[in-house]
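Numbering (our numbering), first residue to last: 31 to 556.
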């Protein structure tokens, strides 16, 4: 009995750690670059009561022994470095790593830390720094008069300065990789530090030697799935509760045994020795007291929770009905997205017994799931608006769509022509970022980030060709239904058709914002 007490206590300690890990994951669900943790457990030592293979007679041996486990313990809390969702922000200094790699950050003590969070800013000296003001390594300094910052897939940082038409390279972002990222030590503030287990950092250029590429205007978010963590939380709570019930049951049984022992205490050894018949009677009475206790120990845990509820009428929901609910949900989710859906896997099987009544279903997906690829869904089953089941379901969905790809390698600065792009069927789960779906959307645009042949063309890889340049003289137009005024102005920053640019009115010498109409005209909106 004492052994079982310690075993149940070890199980409660292990599940408490598991719940602590899940709670931290949920707390950081919206933390940029956060990587979730997973608690790993292992069983404790075993007590050998009978050894397998020991002789039972002179000619036979015991085929299987008796080993009693003494519980479980935490083996490790492991960081899971799977990719998080990539969100578009449009900020020039927001960059995301697609693939393997870490940003290098210089700490105040001069040591280097590593991070997946690509939300950077400029400090008073023009250095690129993280949210805590720690500079990015190698150091990148952006001039104060820079009007535009571009970051290539290979980490090249270029700026366009006032009065210049061509971009100037001001630095290169280098990424670091580790042989065992799970061995990195967390420092907080989205930073990691190498350990003997992780190995030393290997730095290199993004896109080379297996290192991931960099995407400007995007951020890698947390890889925490709320649905998965809620399922883990429920499992941990149930395991903790069962171990707690074991302790409660053993405590009650121990109290009954002690009471039975105290009731037979007045019988002394001398009296028992003098009267064997009396001794046998006392033993018989003691056994009668102990039999109910033993029977209690043999009952299932549910017997200790009170009287069993009255049986309810049940109805059987067939597996096919549940799978059809999930199938309809997946198809409706992508119905207006122009994709061909192929549901490869729905991780649900078996019929379901429910109380009789009006059955309704609700499917909950991860907040940032687009409707394709792998995902853990939660199927909520209600009867008469009361939740009866909360079922985790793993799905795998292929979504084929026409995606615009580069027919040939495209270099930075090239203008897209009709023969440079083509439509190909691609599984959307393999495509990252926002992409173009029609050739008409890219005609006449300029390549901002170099692309290899057959690469999907993302919206941040192209830019509109500027119609007006910095320093160019243009006509400023201000008009409404009854009035039209014009003036001559000088453009202070380049802009494409439809862009807002800053223009100096040469008459008043004031700077105003205007929208580019054509190569010689900008229009003031009011």
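Positions of the beta carbon are idealized from the N, C-alpha and C atoms, including for glycine.
For clarity, every value in this text was computed on a predicted model and none was experimentally measured.
- Message: At 3 residues or longer, what runs of the beta strand (DSSP E) sit wholly inside the stretch 217-242?
- Response: Fully contained in the stretch 217-242 are the following beta strand (DSSP E) runs of length 3 or more, in chain order: 221-223, 232-234.
- Item | First through last residue of the alpha helix (DSSP H) which encompasses residue 357 | For the purposes of this step, residue 357 is taken as the residue at position 327 of the chain shown. In the DSSP assignment, residue 357 falls within the unbroken alpha helix (DSSP H) covering 349-363.
- Task: Could you check which residue in 217, 460, 410, 246 has the C-alpha nearest to that of residue 432?
- Result: Taking the chain shown and counting its residues from 1, the one referred to as residue 432 is at position 402. For residue 432, the nearest C-alpha among the options comes from 460.
- Message: Alpha carbons only, please: which of 549, 215, 403, 161 is nearest the one belonging to residue 527?
- Response: Position 497 of the chain shown, counted from the start, is the residue given in the question as residue 527. A check of alpha carbon separations from residue 527 across 549, 215, 403, 161 identifies 549 as the nearest.
- Task: Would you mind working out which of 194, 182, 183, 168 sits nearest residue 175, comparing C-alpha positions?
- Result: For this step, residue 175 is matched to residue 145 along the chain shown. Nearest of 194, 182, 183, 168 to residue 175, Cα basis: 194.
- Message: Rounding to the nearest angstrom, what Cα-Cα distance links residue 102 and residue 377 in this structure?
- Response: In the chain shown, counting from the first residue as 1, residue 102 sits at position 72. In the chain shown, counting from the first residue as 1, residue 377 sits at position 347. Their backbone Cα atoms lie some 29 angstroms apart in a straight line.
- Take residue 51 as the anchor and find which of 133, 440, 66 has the nearest alpha-carbon. Along the chain shown, read from residue 1 onward, the residue named residue 51 stands at position 21. When C-alpha distances from residue 51 are compared across 133, 440, 66, the shortest belongs to 66.
- Kindly list the residues whose CB is nearer than 6 angstroms to the CB of residue 219, restricted to its own chain and excluding five residues on each side of it in sequence; keep chain order. Taking the chain shown and counting its residues from 1, one reaches residue 219 at position 189. Cβ within range, chain order: 162.
- Neighbour-count burial assignment, residue 294, 16 or more Cβ in a 10 Å radius: Counted from its first residue, the chain shown places residue 294 at position 264. Residue placement at residue 294 is flagged as unreliable, the pLDDT there being 49, under the threshold of 50; a coordinate-derived value is accordingly withheld.
- Anyone know if the C-beta pair for residue 400 and residue 245 falls short of 8 angstroms? The count along the chain shown starts at 1 and reaches residue 400 at position 370. The count along the chain shown starts at 1 and reaches residue 245 at position 215. The Cβ atoms of residue 400 and residue 245 lie no closer than 8 angstroms to each other.
- In the stretch 428-460, which residue ranges form an unbroken beta strand (DSSP E) of at least 3 residues, counting only runs that do not cross its ends? Listed in chain order, they are 451-457.
- Query: Counting only runs that start and end within the stretch 151-195, where is the beta strand (DSSP E) found for 3 or more residues in a row?
  - Reply: Runs found: 176-181, 186-191.
- Message: Looking at residue 435: is its Cβ nearer than 8 angstroms to the Cβ of residue 486?
- Response: Numbered from its first residue, the chain shown carries residue 435 at position 405. Numbered from its first residue, the chain shown carries residue 486 at position 456. Judged by beta-carbon spacing, residue 486 lies within the 8 angstroms limit of residue 435, meaning their Cβ atoms are closer than that value.
- What's the C-alpha gap between residue 153 and residue 441? Along the chain shown, read from residue 1 onward, the residue named residue 153 stands at position 123. Along the chain shown, read from residue 1 onward, the residue named residue 441 stands at position 411. Our two residues, residue 153 and residue 441, have alpha carbons roughly 32 angstroms apart in a direct line.
- Considering only residues of the stretch 374-435, which uninterrupted beta strand (DSSP E) runs meet the minimum length of 3 residues and lie entirely inside it, listed in chain order? Unbroken beta strand (DSSP E) stretches of 3 residues or longer found wholly inside the stretch 374-435: 382-385, 389-394, 403-413, given in chain order.
- Bridge-paired residues (DSSP) for residue 535: Here residue 535 refers to the residue found at position 505 when the chain shown is read from its first residue. DSSP lists 519 as partners of residue 535.
- Message: By alpha-carbon positions, which one of 466, 467, 465, 494 ends up nearest to residue 475?
- Response: By 1-based counting over the chain shown, the position of residue 475 is 445. Comparing Cα-Cα distances from residue 475 to each of 466, 467, 465, 494, the minimum goes to 494.
- Query: According to DSSP, what are the bridge partners of residue 99?
  - Reply: For this step, residue 99 is matched to residue 69 along the chain shown. Answer is 76.
- Message: Run through the DSSP bridge pairs and tell me what residue 481 is partnered with.
- Response: Counting from one through the chain shown, the residue named residue 481 turns up at place 451. Beta-bridge pairing by DSSP links residue 481 to 440.
- Item | Pairwise C-alpha distance: residue 276 and residue 332 | Locating residue 332 in the chain shown gives position 302, where the first residue counts as 1. Locating residue 276 in the chain shown gives position 246, where the first residue counts as 1. Note that residue 332 scores 45 on pLDDT, short of 50, meaning its location in the model is unreliable and no value can be drawn from it.
- Message: By alpha-carbon positions, which one of 455, 272, 490, 446 ends up nearest to residue 43?
- Response: The residue given as residue 43 occupies position 13 in the chain shown. Nearest to residue 43 by C-alpha distance, out of 455, 272, 490, 446, is 272.
- Endpoints, the beta strand (DSSP E) within which residue 135 is located: What you label residue 135 is simply residue 105 of the chain shown in a count that begins at 1. Membership of residue 135 in the beta strand (DSSP E) is indicated by the continuous run 132-136.
- Task: Please name the residue in 36, 118, 47 whose C-alpha comes closest to that of residue 100.
- Result: For the purposes of this step, residue 100 is identified with residue 70 of the chain shown, where counting begins at 1. It is 36.
- Taking residue 253 as the reference, give the member of 552, 496, 405 with the closest Cα. Start at 1 with the first residue of the chain shown, and residue 253 comes out as number 223. Here the closest residue by C-alpha is 405.
- Just mark residue 334 as buried or exposed, buried being the case when its beta carbon has 16 or more other beta carbons within 10 Å. Here the question's residue 334 lines up with position 304 in the chain shown. Caution applies to residue 334, whose pLDDT of 47 falls short of 50 and renders its modelled position unreliable; the value that the coordinates give is listed next. Exposed: under 16 other Cβ atoms inside 10 Å.
- Bounding residues of the beta strand (DSSP E) (the contiguous stretch that carries residue 144): Numbered from 1 along the chain shown, position 114 holds the residue referred to as residue 144. Its beta strand (DSSP E) spans residues 142-145.
- Neighbourhood of residue 530 by C-beta distance below 6 angstroms, restricted to the same chain and skipping five residues each side: For the purposes of this step, residue 530 is taken as residue 500 along the chain shown, with counting starting at 1. Counting only Cβ-Cβ distances below 6 angstroms, and skipping sequence neighbours, we find 543, 545.
- Query: Are the beta-carbon atoms belonging to residue 392 and residue 421 less than 8 angstroms from one another?
  - Reply: Within the chain shown, the letter at position 362 stands for residue 392. Within the chain shown, the letter at position 391 stands for residue 421. Against a cut-off of 8 angstroms, the Cβ pair of residue 421 and residue 392 comes out as no contact.
- Report yes if the CB atom of residue 119 is closer than 8 angstroms to the CB atom of residue 249, and no otherwise. Walking along the chain shown from the start, residue 119 turns up at place 89. Walking along the chain shown from the start, residue 249 turns up at place 219. Inclusion of residue 119 and residue 249 in the CB contact set at 8 angstroms is warranted, their separation being smaller than that value.
- Message: Residues in the same chain with beta-carbon distance under 7 angstroms from residue 361, minus the five sequence neighbours each way, listed in chain order, please.
- Response: In the chain shown, residue 361 corresponds to position 331, counting from 1. Once the five neighbours on either side are set aside, the close Cβ partners of residue 361 are 371.
- Where does residue 488 fall in DSSP's three states? What you label residue 488 is simply residue 458 of the chain shown in a count that begins at 1. Three-state result, residue 488: strand.
- Message: Given 7 angstroms as the limit, tell me if residue 365 has its C-beta closer than that to any heavy atom belonging to the ligand COA.
- Response: As presented, the structure is devoid of all ligands, the ligand COA included, so that no description of it is given.
- Query: Any chance the stretch 131-141 sits against the stretch 205-215, with 3 or more Cβ pairs inside 8 angstroms?
  - Reply: These segments touch.
- Query: Mapping DSSP to helix, strand and coil, what is residue 545?
  - Reply: Locating residue 545 in the chain shown gives position 515, where the first residue counts as 1. DSSP, read as helix, strand or coil, puts residue 545 in strand.
- Query: Could you give the distance in angstroms between the alpha-carbon of residue 166 and the alpha-carbon of residue 60?
  - Reply: Here residue 166 refers to the residue found at position 136 of the chain shown. Here residue 60 refers to the residue found at position 30 of the chain shown. If you draw a straight line from the Cα of residue 166 to the Cα of residue 60, it comes to about 23 angstroms.
- Message: Quick check on residue 525: does DSSP put it in helix, strand or coil?
- Response: Taking the first residue of the chain shown as position 1, residue 525 is located at position 495. Residue 525 falls in the strand class under three-state DSSP.
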